[in-house]
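Protein chains in written order, with the working numbering: chain F, 1 to 289; chain V, 290 to 423. Yeah, the Cβ is synthetic: ideal placement off N, Cα and C, and Gly gets one too. For reference, the structure is listed below as structure tokens.
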Amino acid sequence: MEIPYYPGCTLNTVARDFDLSTRRSLKRLGIELKELSQWNCCGAVFPLTPDNVMGLSAPARVLNRAEKEGDKVTTLCSFCYNVLKRTDYRLKRDREGLEIINDFNEGDYRGKVRVLHILEVLKELVGFKEVKEKVSRPLKGVKVAPYYGCMLLRPAEEVGIDDHESPTIFEDFLASLGCDVVTYPKRIDCCGAHMAMGREDMVSEMSGRILLSAHEGGAEMVVTSCPLCLYNLERSEAPLMKREPGFKAMPVLYFSQLLGLALGEDGDGLFSGKNLYDPRPLLRDKGLL
Amino acid sequence: MKVRIGKRPKGDLVDLIERISGEDPSLCYQCGNCTAGCPAAFAMDLPPHQVVRLLQIGQEDMLLSSRAMWVCVSCLQCYSRCPKGVDISKIMEALRQVTLRRGKDGIEVKGLPVDLLSQSPQQALVAGFRKLVS
């Protein structure tokens, strides 16, 4: 099965690991991610000013392109998912806005695309049971804390890939890989997001709380689906170690890297060594690399 | 503190915020759920529920001089937990927009460290520039 795929800007640069590991893993599950023939930045944030539709022009262009290449589009980055999904939600319900945007973009988007996050693809189009059957290297004994962040869950009525207060999709997915899943209270809190720009102190506090919560749940690593969450979490570990002597730095990685590993992908192809805290020693200790 | 009761002048800040955000601050009954759940409230000089309260009583100066709007990360936890369905993230965005449209920025771009620009994911920069700079 082929699915049109929107990588977004970060997946082509800083988050190369995320892109590659997902493409490889999905291939093993019988899904080919077919990159859109043309795409642009989604804008990273959904404009929260309903009086101004112009902010929707960039994501609408992406949706328009996707509509020409299939009836759905998938994306990995949580930010991209949130922006595309909310834009689609608005344009499907706002005929006047859609007309303005189409005029401006010289486009013809009709709202016939379904935006899916890759976790939804794995759950709905592949099925976690199927994933479990294809696992050749169960990740037994690895205590993994899934981190949702905001963009996959809120606002619930528009984007929520699962319940916005007690989601389980990430946990169910990791369980299918054989991991010991750690459920912890702060998994739906914000990492600090764009406060990385100039307010590192805030990011350090906000991401620090999440890491500490995962640590207290017994986690050995945190997985996420957002390059910015990963960046913020990783960079908050050093200050947290200073504040909380009991806290030990743990690797933060993309969930797709664990998926690839469980499906039998070669470890060297999955981990480029870009992580601030390399997950490989831990995985080697567990006999998985 | 002088509080004006009765009909507001048309085109004042509250009116503007309501139009830009599409939200109705008068729905709020000050339960404080937003502030309790807000992960950024610790860094705000005015916590979310107070921003809405000041809006209800038309305190323009206090709202526009507060740093709360620049510290809000738009994570939508407030909206997600509001029993009245008030989307404070939209109100914060409207406050930012009003300020940005007047040419005042939330951060000094010149002051950003160079390694942030080279190491952070682009999405951080795109999001940050869209939220904080006019």
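Please confirm if residue i has its CB atom under 8 Å from at least one CB of chain F.
| i | result |
| --- | --- |
| residue 399/V | no |
| residue 355/V | no |
| residue 410/V | yes |
| residue 315/V | no |
| residue 311/V | yes |
| residue 368/V | yes |
Can you name the residues that DSSP bridges to residue i?
| i | result |
| --- | --- |
| residue 116/F | 74/F |
| residue 223/F | 146/F, 253/F |
| residue 181/F | 144/F |
| residue 4/F | 34/F |
Nearest CA to the CA of residue i: which residue from the options?
| i | options | result |
| --- | --- | --- |
| residue 221/F | 207/F, 232/F, 206/F, 249/F | 249/F |
| residue 91/F | 64/F, 25/F, 160/F | 64/F |
| residue 15/F | 237/F, 110/F, 99/F, 257/F | 257/F |
| residue 158/F | 386/V, 365/V, 398/V | 365/V |
| residue 201/F | 214/F, 161/F, 243/F | 243/F |
| residue 106/F | 154/F, 284/F, 98/F | 98/F |
| residue 72/F | 83/F, 121/F, 79/F, 96/F | 121/F |
| residue 310/V | 372/V, 320/V, 379/V, 301/V | 379/V |
| residue 240/F | 134/F, 47/F, 280/F, 213/F | 213/F |
| residue 148/F | 134/F, 135/F, 166/F | 166/F |
| residue 39/F | 56/F, 9/F, 45/F | 9/F |
| residue 332/V | 279/F, 206/F, 211/F | 206/F |
| residue 60/F | 94/F, 33/F, 28/F, 32/F | 94/F |
| residue 177/F | 35/F, 193/F, 192/F, 141/F | 141/F |
Examine chain V for any beta-carbon lying closer than 8 Å to the beta-carbon of residue i, and answer yes or no.
| i | result |
| --- | --- |
| residue 268/F | no |
| residue 237/F | no |
| residue 215/F | no |
| residue 17/F | no |
| residue 61/F | no |
| residue 106/F | no |
| residue 295/F | No answer is possible for residue 295/F: the residues shown for chain F start at 1 and end at 289. |
| residue 43/F | yes |
Give the residues of chain F in contact with residue i, contact being defined as C-beta atoms less than 7 Å apart.
| i | result |
| --- | --- |
| residue 386/V | 49 |
| residue 372/V | Near residue 372/V there are no residues of chain F at all, since even the closest Cβ is about 14 Å away, more than 7 Å. |
Since residue i meets chain V, which of its residues come closer than 7 Å, beta carbon to beta carbon?
| i | result |
| --- | --- |
| residue 227/F | 410, 412 |
Anything in chain F within Cβ reach of residue i, meaning under 9 Å, just list it in chain order.
| i | result |
| --- | --- |
| residue 299/V | Those within 9 Å of residue 299/V in chain F number zero; the least Cβ separation is about 16 Å. |
| residue 382/V | 47, 48, 49 |
| residue 391/V | None at all; the shortest Cβ gap to chain F is about 15 Å. |
| residue 330/V | Those within 9 Å of residue 330/V in chain F number zero; the least Cβ separation is about 11 Å. |
| residue 396/V | 197, 198, 199 |
| residue 405/V | 196, 197, 198, 200 |
Quick one: which chain V residues come within Cβ less than 9 Å of residue i?
| i | result |
| --- | --- |
| residue 194/F | 362, 363, 412, 413, 414, 415, 416, 417, 418, 419, 420, 421 |
Residues of chain V with CB under 8 Å from residue i, in chain order?
| i | result |
| --- | --- |
| residue 167/F | By Cβ distance, chain V contributes nothing, its closest Cβ being about 12 Å from residue 167/F, past 8 Å. |
| residue 219/F | Chain V residues near residue 219/F: none, gap ~19 Å exceeds 8 Å. |
Exercise. Quick one: complete beta strand (DSSP E) runs, 3+ long, within the segment 184-213 of chain F?
Worked result: none
For this session: Pick out the complete beta strand (DSSP E) segments inside the segment 77-135 of chain F, 3 residues or longer, and give them in chain order.
Result: 114-117
Exercise. Taking only runs of the alpha helix (DSSP H) that begin and end inside the segment 327-411 of chain V, which ones reach a length of at least 4 residues, in chain order?
Worked result: 337-345, 349-354, 357-360, 366-370, 377-390, 403-408
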